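Please read the structure below before turning to the comments.
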Amino acid sequence: MADVRLDGVYKIYPDGTSAVNDLNLEIADGEFLVLVGPSGCGKTTALRMIAGLEEISKGTVAIGDRTVNRVPARDRDVAMVFQSYALYPHLSVEDNIGFGLQLRKMPKAEIAERVAKAAATLGLTDHLKRKPRNLSGGQRQRVAMGRAIVREPQAFLMDEPLSNLDAKLRVQMRAEISRLQRDLGVTTVYVTHDQVEAMTLGDRVAVMKKGVLQQVAPPQELYERPGNLFVAGFIGSPAMNLVQGRLEADGDSALLTLGDQRLAVPAGLIAERPRLREMFGRDVAVGIRPEDMDDADLPGESAEGTVLESETELVEALGSELLVHFTIGAPPVVTEDTKELARDAGADDIGAAGGRSPMIAKFSPRSQTGEGRPVRVRVDTARLYFFDPETGAGIW
Ligand code: ATP
1 MADVRLDGVY KIYPDGTSAV NDLNLEIADG EFLVLVGPSG CGKTTALRMI AGLEEISKGT
61 VAIGDRTVNR VPARDRDVAM VFQSYALYPH LSVEDNIGFG LQLRKMPKAE IAERVAKAAA
121 TLGLTDHLKR KPRNLSGGQR QRVAMGRAIV REPQAFLMDE PLSNLDAKLR VQMRAEISRL
181 QRDLGVTTVY VTHDQVEAMT LGDRVAVMKK GVLQQVAPPQ ELYERPGNLF VAGFIGSPAM
241 NLVQGRLEAD GDSALLTLGD QRLAVPAGLI AERPRLREMF GRDVAVGIRP EDMDDADLPG
301 ESAEGTVLES ETELVEALGS ELLVHFTIGA PPVVTEDTKE LARDAGADDI GAAGGRSPMI
361 AKFSPRSQTG EGRPVRVRVD TARLYFFDPE TGAGIW
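Read in the UniProt record's numbering, the sequence shown has 214 at position 214, and its numbers run on one by one without any break.
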């Protein structure tokens, strides 16, 4: 096993497309690192450069103690698992799993032993004689994993291995991959555009945008301390609400003006993030996560300065929670990051609502709110996020 290091790595395709831009990553021995970002952000290209399937334009990739820039893919001692499992339809499960070892002319007995061990780990022992067409999607995926495991490589490289599975199976296989990786302890780089997959699998998650690494951190840290607007909007579902506001000092605490409404920012939050004081008297980009809001008319405390008034426009009942859509009279945040997030979400009308910002809150299912009715939204103001409206940098 080995660590994987990328040092100042660039990929410029022959047509001039700059797909990866100065990527620096150190993936520790045994670590599970997830590369995540919207379609086209360069994550597959980065993975393929580690695998040796794509030439590196500039910089170095090292696996263990050797630089592999000039090492052909087959000699890099890494195993790749693709989205399309790339199984041989005419070969049995057993032969599919052992194929790479046969090519390497490994003794038959050793192949049989390794295949049997992998099959047992993956719950495929009873299916070894079957052909891929007689397997379920999840089982096919396991065969593809088996093929990677038997090679006992220095690292696993996985490119959206679950994206061909239905939602339920994806959740199940996600847990299996996580367990397997922990048991085997093999350094893993995993590419996905699905932030939930990234958060649940990764020891650390690297978020990319347009070829540039935005932040790399453990999942909880990405969620709690996003480095910029892009990461803030990308991690979390539904996405963090982003609106323009204005901060003013108010003794030890601060007042946050959002259009015609005001929230009180607790003194504790200002004390924790001293750089916020530099924003006093200036516009600031404010982030409120849907899960940090609830119906203020439910029993419980609603202190002054923690409630936004609006009208419910749409309620999506998910059983365990309600997604309540409303708007507030403060302009949306429009930066390069929020435009990229809107593009990724398939929306191109950001800012079209004039000076109002669309918001989504997660309400308790006990809420009685309904479409077209006034709504009072309680905000957990200790959990507000702030960003520089020009650079998009998180203010921590
Ligand atoms: P997806 O999830 O859609 O696969 P990705 O984040 O993995 O996206 P890449 O496939 O790495 O992104 O592509 C990064 C950028 O490089 C994109 O703009 C893409 O169009 C471009 N690109 C990829 N392959 C080539 C190529 N062979 N020639 C030119 N441009 C390419």
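Using N, Cα and C, we set each Cβ at its ideal position, and we do this for glycine too. Since we're looking at a predicted model, the values are computed, not measured.
At what residues does the alpha helix (DSSP H) containing Leu-180 begin and finish? 167 to 184
Got a sec: does ligand 1 put a non-hydrogen atom nearer than 7 Å to the Cβ of residue 397? Absent from the model: residue 397. The displayed extent of the chain is 1 to 396, so no value can be given.
To which residues does DSSP link His-325 through a beta bridge? Leu-314, Ile-360
Can you give me the C-alpha to C-alpha distance between Ser-18 and Gly-346, rounded to a whole angstrom? 23 Å
Enumerate in chain order the residues of its own chain whose CB-to-CB distance from Gly-245 is below 7 Å, with the five nearest sequence positions on each side excluded. Leu-256, Thr-257, Leu-258, Val-284, Val-286, Ala-330
Beta-carbon proximity list for Thr-67, same chain, < 8 Å, skipping 5 on both sides: Thr-60, Val-61
Can you check whether the CB of Lys-58 is closer than 8 Å to the CB of Gly-16? no
Once DSSP output is grouped into helix, strand and coil, what is the label at Tyr-385? strand
Does the distance between the C-beta of Thr-45 and the nearest non-hydrogen atom of ligand 1 fall short of 7 Å? yes
Below 8 Å CB to CB, which residues in the same chain sit around Arg-273 once its five sequence neighbours on both sides are set aside? Phe-386, Ile-395, Trp-396
Have a look at Pro-389, Thr-188, Tyr-223, Thr-45 and flag the residue whose alpha-carbon is nearest the alpha-carbon of Val-334. Pro-389
Any heavy atom of ligand 1 within a distance shorter than 7 Å of the CB on Asp-194? no
Closest to Leu-53 by C-alpha separation, out of Gln-172, Cys-41, Arg-70, Lys-108, would be which residue? Arg-70
Kindly give me the distance between the Cβ atoms of Pro-374 and Glu-311, rounded to whole angstroms, as I take these residues to be in contact under 8 Å. 6 Å
Report all residues from its chain with a CB closer than 7 Å to the CB of Ala-118; omit the five preceding and five following residues, and keep chain order. Ile-97, Gly-146, Ile-149, Val-150
Ignoring anything shorter than 4 residues, give me the alpha helix (DSSP H) runs that lie fully in the stretch 63 to 144, in order along the chain. 93 to 103, 108 to 122
Nearest CA to the CA of Asp-166: which residue from Tyr-190, Arg-356, Asn-241, Gln-139? Gln-139
For a quick check, are the C-beta atoms of Gln-214 and Val-186 less than 8 Å apart? no
For Ser-178, which residues of its own chain have a beta-carbon under 6 Å away from its beta-carbon, when the five flanking residues on both sides are left out? Leu-201
So Leu-222 and Val-205 are supposed to be a Cβ contact under 8 Å. How far apart are they, rounded? 6 Å
Which residues share a DSSP beta bridge with Asp-344? For Asp-344, which the question treats as bridged, DSSP gives no partner whatsoever.
Using the Cα positions of Phe-32 and Leu-242, report the straight-line distance between them to the nearest angstrom. 31 Å
Measure the Cβ-Cβ separation of Met-293 and Thr-327 and say whether it is below 8 Å. no
Buried versus exposed call for Ala-217 [16 or more other C-beta atoms within 10 Å across all chains shown]: buried
Close Cβ partners of Arg-289 (< 8 Å) along its chain, the five nearest in sequence each way excluded: Gly-236, Met-240, Asn-241, Arg-383, Tyr-385
The beta strand (DSSP E) with Ile-27 in it runs from where to where? 18 to 27
Exposed unless 16 or more other CB atoms sit within 10 angstroms - verdict on Gln-181: buried
Quick one: grab the DSSP three-state call for Glu-197. helix
Taking C-alpha atoms, which residue in Thr-125, Lys-11, Thr-192 lies nearest to Pro-38? Thr-192
Using the C-alpha atoms, what's the distance from Pro-226 back to Pro-365? 29 Å
Please classify Pro-14 as buried or exposed, where buried requires at least 16 neighbouring CB atoms within 10 angstroms. exposed
Apart from the five residues just before and just after Asn-21, which ones in its own chain have a Cβ nearer than 7 Å to its Cβ? Tyr-10, Gly-211, Val-212
Return the CA-CA distance between Met-199 and Pro-219, expressed in angstroms with no decimal places. 5 Å
Does the beta-carbon distance from Val-307 to Ala-155 come in below 8 Å? no
Buried versus exposed, by CB contacts within 10 Å (16 or more), Arg-170: buried
Could you please give me the residues that DSSP links to Ser-253 through a beta bridge? Asp-250
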